[in-house]
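Take a look at the structure set out below.
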Amino acid sequence: MHNNVVLISVLYPAILLWYIEIHSLVFGKPAGVQNIPDLYLLALWFVFGVFFPLLFYSTKHITEVRKDGIYIRLVPLNPSFKKIPIYIVEECKIQAYEPFTGKDYVDRPPSRRANFVVILKLITGKRVVISSRNPKELHQAIMSAVSNF
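Its first residue numbered 117, the sequence shown is counted upward by one per residue in our numbering.
Written out as structure tokens, the structure reads:
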């Protein structure tokens with residue numbers, strides 16, 4: 117979640133709206149903005165200048181491996197964990213994965229943008245990609261839970 121593309125897409129509108137709001141407070145009218153009511157400008161500033169940056173800053177991806185399953189949650193957007201039961205995990209492996217294109221790197225060396233992720237193959241045929249700072253530890257925890265089940 118905290119990569120440069122997302123950071124720029126959140127911070128650019130925030131900085132622009134902070135500049136417009138400060139300029140409107142000091143000089144009385146926004147720079148380059150014509151015929152926009154102050155209430156709309158204030159609402160835009162609050163949503164894009166305050167709310168989205170705070171949401172971006174407070175967002176965390178939590179993955180827990182327990183005896184009965186793998187629990188995934190995106191805080192504060194998901195109020196509860198999503199459970200992947202251990203008994204439906206058919207295969208678990210670490211692989212280089214490029215998030216923007218969705219390409220796996222099995223036969224060839226990964227590009228510079230590729231991250232190492234844990235890929236679960238479920239008995240239903242679906243594939244679940246779980247990103248982690250420590251994919252080896254996550255893989256070991258999942259394999260330990262699968263072997264204990």
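Even for Gly, the Cβ is constructed at its ideal location relative to N, Cα and C.
These figures come from a predicted structure and were not determined experimentally.
| Item | Value |
| --- | --- |
| Distance CB(residue 246)-CB(residue 234) smaller than 7 Å | yes |
| Classification of residue 236 by the beta-carbon crowding that lies within 10 angstroms, buried from 16 upward | buried |
| First and last residue of the uninterrupted alpha helix (DSSP H) at residue 263 | 251-264 |
| Helix, strand or coil at residue 194 according to DSSP, with G and I counted as helix | coil |
| 7 Å Cβ cutoff met for residue 232 and residue 251 | yes |
| Straight-line gap, residue 188 to residue 169 (C-alpha atoms, nearest Å) | 23 Å |
| Closest residue to residue 191 among 241, 185, 177 (Cα-Cα distance) | 177 |
| With 16 other Cβ atoms within 10 Å as the buried cut-off, status of residue 258 | buried |
| Residues of its chain near residue 129, where Cβ-Cβ distance is below 6 Å and the 5 sequence neighbours each way are ignored | 164 |
| Proximity test, residue 123 beta-carbon vs the ligand SAM heavy atom, cut-off 6 Å | No copy of the ligand SAM occurs in the structure displayed, which carries no ligand at all. |
| Nearest-angstrom Cβ-Cβ length linking residue 175 and residue 193, presumed shorter than 8 Å | 7 Å |
| Separation of residue 120 from residue 204, as counted between CA atoms | 35 Å |
| Per-residue burial, residue 186 [other beta carbons within 10 Å of its own, 16 or more giving buried] | buried |
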